[in-house]
Amino acid sequence: EDVRSRVMAMALVHETLYQSSSLSAIDLKLYVQKLAGILGAAHGANRRRLALVLEVDSLPIGIDHAVPCGLIINELAVNAFQHAFPQDGPGRISITARETKDGKVQLIVADDGIGLPPDAERPMSNTLGLTLVRGLARQQLGGELNVDVNGGTRFTITFPNRERSVEPPDLIS
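All letters in the sequence shown, in the order written, are residues 141 to 313 by our numbering.
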């Protein structure tokens with residue numbers, strides 16, 4: 141089930157890319173909306189009284205960043221659905237993505253569930269999914285990962301958006 145979910149996240153990037161006017165970037169907001177809808181339906185969010193809240197800016201993101209973002213969102217949201225709410229809610233899982241003042245992307249996946257143990261780095265090294273999140277955030281996205289376990293669990297990944305940092309070509313020569 142976890143592997144199928146990961147493959148779906150990657151396939152959705154390509155589906156969104158083919159529907160895009162660009163062949164190199166997708167709209168992060170559209171992609172996250174589609175991914176969250178699929179994850180919420182697959183994990184019975186409504187039936188379990190779990191609200192999936194999205195606050196995502198519409199910004200272009202290259203495919204080289206979209207795939208790792210999708211995999212990160214998939215891992216963290218699935219973990220929240222599976223572990224954060226043992227009594228099936230009510231609860232809230234939020235996905236936030238915005239552009240920072242310095243042109244980076246800040247991706248936050250949070251829940252108000254039971255939370256991770258206070259030493260959140262240890263479990264990250266012991267489970268495949270959270271090891272994957274750490275590797276994708278740091279190595280694939282070149283970003284920083286912070287974990288807050290107060291009042292639920294909150295993962296914040298901040299990374300440069302290469303799609304925004306590319307200077308447009310000089311058309312006047």
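Built from N, CA and C at the ideal position, the CB exists for glycine as well.
Bear in mind the structure is a predicted one, so any value in this text is a computation, not a measurement.
Asked	Found
Just to confirm before moving on: does the CB-CB distance between residue 248 and residue 267 stay below 8 angstroms?	no
For residue 184, is the classification buried or exposed, using 16 other Cβ atoms within 10 angstroms of its Cβ as the cut-off for buried?	exposed
Grab me the residues of residue 256's own chain with a C-beta within less than 8 angstroms of its C-beta, minus the 5 sequence neighbours each way, in chain order.	263, 287, 289 and 293
How far does the beta strand (DSSP E) with residue 286 in it reach, from first residue to last?	284-288
Considering residue 191, what are the terminal residues of the beta strand (DSSP E) in which it resides?	190-196
Below 8 angstroms between beta carbons: does that hold for residue 211 and residue 170?	no
Taking residue 189 as the reference, give the member of 243, 233, 240 and 206 with the closest Cα.	233
From the DSSP output, read off the bridge partner residues of residue 239.	245
Could you check which residue in 199, 218 and 195 has the C-alpha nearest to that of residue 181?	218
Whose CA, out of 246, 276, 251 and 179, lies closest to the CA of residue 168?	246
With residue 202 as the anchor, note down where its beta strand (DSSP E) starts and where it stops.	200-202
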